[in-house]
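Take a look at the structure set out below.
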Amino acid sequence: MAEEDEELRMMAVGSIGAGFSYRAFQRGLSWNPHVVASDAGSSDHGAAHLGSGEVRSQGPMKRQLDTLISGARGIGAKFIIGSAGTAGGERNLQAVRKLVEEIARERDLHFRMALLHAEMDKNYLKKKLAADKIVSLGPFPVLTDEAIDASTPIVGMMGVEPFLKALDAGADVILGGRATDPAIFAGPPLAAGIPAGVAWHAARTMDKGVMMTVPGEETGSLGFMQFRMDHFIASSTKEGTYCTPRSVAAVTLYENDSPYHTIVPSGVIDTSGCVYEAVDDGKVKVTGSQFITAPKYTVKLEGSRFLGYRAITFFAVRDPMIMPYVDEWLAKVKVNAERNLHLQGVEPDEYTVRFRVYGKNGVMGEDEPVTQTQSHELGILVDAIGKTQSAANEAAARHKALAGHTKFPGQLNHNNASEPFPMGALPMGPVYDWGVWHIVEMDTWSEWEDIFDVEIVDV
Amino acid sequence: MDRLRDIANSIRGTNNGATRRSFDIMFDRTEDFQRVWSSGAINPELIAELYKLSAEDVSIYDYPPANAIKIVMPRKVVSGSPDDTDVDGKQQHAPLLDIPIP
């Protein structure tokens, strides 16, 4: 932070790949941010991207990365992302690195880049497991050496420390693997000497980008932050959008157990004493932020578990006489389909099938309070998971076919399954869920250096 | 009697990680927030009944800086597992809409 310039400025994009307003980005650049940053991933959409290594919206992502990196480097700002490539695993990170290197070549950009690796060494985790330093965060399978080996892969959510190490090494572009959301934004202010309370709370406020702004997501605006010694100022970059004390305060409420406390590996962001006040031009000034350093450094672990292969298909029913019997009828469909599949050499232990009945309880399942559907038609998604893709395809297809041929009491027509267009079963590929959702405790404060490797590359 | 949907400005439902879900109920006007919070209409027993849970599993907080009431509860099914019906918990708020507010 230059002396004449007593603040650090940062602009945040909510999520790369989801899109943002180009004009809002250009306007934000004209406010001279020192850093452009984005949380580029999430575990909110399940374990699929960690398991498969695939990156969501890879095409749009390259375009957006190009805009962001070219824009940031054009004014000499640093560019930082975390949880790269949706899940922040090694394959996700390498896919994003490839895009960034392509952009650098195409644009003739040169910079020092840091890659922060988040994938865990399995032998390290087995040692921590044996030392009783790993705790489960919910109803997950008991963690064993075998479960660690079977995970495809396991990442740790890094704190700010690897980002600080990368900044210290002079990196102008940082691509982080899986990271605690605010850690992606907290490095530059902490490195500039901003007190931890302000740095972390402002980072947490901007980690969803546009969320702190009004009217909100649909505007494609970007969050803009001024980090100062005893307060921060939040604003919105798109013309006509703004921040309010409530829109800024509401961010710490989101996806969090306590509205006043956010946990990161090195401590807790405490906003219980904060004052949010509107200042000129739709900006909000926040004072009173605290950061409480944790007694031990802990890292959240996320591991995907391979379950099989999914195939889906869809059909709908419109016969009013079937509505009162739909559950019993679908149970009968399963019995008939199982017999049919057996005749074809596909046995029940090779697949599971779920009917998701939209119009009845497809969205809420057993929590659905409406017990008797009033719908005049129902859409039924057939969701099959097989030990092989072919078992899943057959299971889905035969369940639909047998729905057509399974009778219900009083049936007059001869086939019950309507299709919007000819469709067999659609293969969906491998299925993953969370097998690891745990916390690992470090023995020493610097142990993070053993698990999060910081690699420096001159591009 | 008013229902929650007549008074609240937004009800933001989402995951809190893979094992918990939350609803952020926000109000435009501070007096509406205070009215709903102080009425006690949103309480663990009612939420437990609406979501078929036990009351000990439900946490409810008031958050005056955002005129908000936050409800946190466990997910019965881990997010993204085969039995899940709503991976990020975006459409589980319907039972809250008609809570009567004195």
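Protein chains in written order, with my numbering: chain A, 241 to 699; chain B, 66 to 167. The beta carbon of each residue, even a glycine, is placed where N, CA and C say it ideally should be.
Per-residue burial, residue i [other beta carbons within 10 Å of its own, 16 or more giving buried]
{"i": "B:Gln-157", "result": "buried"}
{"i": "A:Ile-315", "result": "exposed"}
{"i": "A:Ile-696", "result": "exposed"}
{"i": "A:Gly-325", "result": "buried"}
{"i": "A:Lys-525", "result": "buried"}
{"i": "A:Gln-612", "result": "exposed"}
{"i": "B:Asp-71", "result": "exposed"}
{"i": "A:Leu-583", "result": "exposed"}
{"i": "B:Asp-102", "result": "Inspection of the sequence shows that residue 102 of chain B is occupied by Trp rather than by Asp. Answer is buried; the Cβ neighbour count reaches 16."}
{"i": "A:His-350", "result": "exposed"}
{"i": "A:Lys-302", "result": "buried"}
{"i": "A:Asp-698", "result": "exposed"}
{"i": "A:His-654", "result": "exposed"}
{"i": "A:Ser-323", "result": "buried"}
{"i": "B:Asn-80", "result": "buried"}
{"i": "A:Phe-661", "result": "exposed"}
{"i": "A:Asn-496", "result": "buried"}
{"i": "A:Gly-664", "result": "exposed"}
{"i": "A:Ser-255", "result": "buried"}
{"i": "A:Asp-623", "result": "buried"}
{"i": "A:His-616", "result": "exposed"}
{"i": "A:Val-382", "result": "exposed"}
{"i": "A:Thr-384", "result": "exposed"}
Contact belief for residue i with residue j at Cβ below 8 angstroms, rounded distance in angstroms
{"i": "B:Ala-120", "j": "B:Ala-113", "result": "4 angstroms"}
{"i": "A:Val-519", "j": "A:Ile-473", "result": "7 angstroms"}
{"i": "A:Ala-556", "j": "A:Gly-619", "result": "5 angstroms"}
{"i": "A:Thr-527", "j": "A:Val-515", "result": "5 angstroms"}
{"i": "B:Leu-69", "j": "B:Ile-136", "result": "Their Cβ separation, rounded to whole angstroms, is 11 angstroms, which puts B:Leu-69 and B:Ile-136 out of contact at 8 angstroms."}
{"i": "A:Leu-308", "j": "A:Ile-434", "result": "A:Leu-308 to A:Ile-434, Cβ: 23 angstroms. No contact."}
{"i": "A:Val-694", "j": "A:Ala-406", "result": "5 angstroms"}
{"i": "A:Val-597", "j": "A:Val-566", "result": "7 angstroms"}
Opening and closing residue of the beta strand (DSSP E) in which residue i lies
{"i": "B:Ser-87", "result": "85-91"}
{"i": "B:Met-138", "result": "133-139"}
{"i": "A:Leu-269", "result": "Looking at the DSSP string, A:Leu-269 is not in any beta strand (DSSP E); the run it does join, the alpha helix (DSSP H), is 262-269."}
{"i": "A:Lys-600", "result": "Run containing A:Lys-600: none; DSSP gives neither H nor E here."}
Cutoff 6 angstroms; reference residue i; Cβ partners in own chain excluding five residues on either side
{"i": "A:Gly-548", "result": "Ile-625, Gly-626, Lys-627 and Val-671"}
{"i": "A:Asp-421", "result": "Asp-279 and Asp-447"}
{"i": "A:Ala-442", "result": "Met-465, Phe-467 and Phe-472"}
{"i": "A:Leu-290", "result": "Ala-327, Gly-329 and Ser-544"}
{"i": "B:Asn-74", "result": "Met-91, Phe-92 and Asp-93"}
{"i": "A:Pro-393", "result": "Gly-329 and Glu-359"}
{"i": "A:Met-561", "result": "Gly-650"}
{"i": "A:Asn-576", "result": "Leu-642 and Thr-646"}
{"i": "A:Glu-243", "result": "Caution is warranted here: a pLDDT of 46 is assigned to A:Glu-243, below 50, making its placement in the model unreliable, and no coordinate value can be reported."}
{"i": "A:Ser-507", "result": "Sequence check: residue 507 of chain A is Gly here, not Ser. Around A:Gly-507: Phe-531, Ile-532, Thr-533 and Ala-534."}
Under the three-state DSSP convention, the category residue i falls into
{"i": "A:Glu-695", "result": "strand"}
{"i": "A:Thr-684", "result": "coil"}
{"i": "A:Gly-291", "result": "helix"}
{"i": "A:Gln-466", "result": "strand"}
{"i": "B:Ser-144", "result": "coil"}
{"i": "A:Tyr-500", "result": "coil"}
{"i": "A:Leu-430", "result": "helix"}
{"i": "B:Leu-162", "result": "coil"}
{"i": "A:His-678", "result": "strand"}
{"i": "A:Ala-358", "result": "coil"}
{"i": "A:Glu-606", "result": "helix"}
{"i": "A:Asn-363", "result": "helix"}
{"i": "A:Asn-633", "result": "helix"}
{"i": "B:Lys-117", "result": "coil"}
{"i": "A:Met-397", "result": "coil"}
{"i": "A:Pro-485", "result": "helix"}
{"i": "B:Asn-108", "result": "coil"}
{"i": "A:Val-276", "result": "strand"}
Cutoff 7 angstroms; reference residue i; Cβ partners in own chain excluding five residues on either side
{"i": "A:Met-452", "result": "Thr-445, Met-446, Gly-463, Ala-474, Cys-483, Ser-487, Val-488 and Val-491"}
{"i": "A:Arg-347", "result": "Ser-310"}
{"i": "A:Gly-456", "result": "Val-450"}
{"i": "A:Ala-411", "result": "Arg-352, Met-353, Ala-354 and Ile-696"}
{"i": "A:Leu-269", "result": "Gly-311 and Ile-315"}
{"i": "A:Gly-425", "result": "Per the sequence shown, residue 425 of chain A should be read as Phe rather than Gly. Correct list, in chain order: Met-250, Ala-252, Ala-277, Ala-443, Met-446 and Asp-447."}
First and last residue of the uninterrupted alpha helix (DSSP H) at residue i
{"i": "B:Met-65", "result": "One cannot answer for residue 65 of chain B here, as it falls past the ends of chain B, which runs 66 to 167."}
{"i": "A:Phe-648", "result": "Taken as a continuous stretch (DSSP letters only), A:Phe-648 belongs to no alpha helix (DSSP H), as it is neither H nor E."}
{"i": "B:Val-101", "result": "95-104"}
{"i": "A:Leu-333", "result": "330-347"}
{"i": "A:Gln-304", "result": "298-314"}
{"i": "A:Ile-388", "result": "385-390"}
{"i": "A:Ala-442", "result": "436-446"}
{"i": "A:Leu-581", "result": "566-583"}
Sequence-distant residues of its chain with Cβ nearer than 8 angstroms to residue i (five each side left out)
{"i": "A:Ile-552", "result": "Leu-621, Val-622, Asp-623, Ala-624, Ala-636, Ala-665, Leu-666 and Met-668"}
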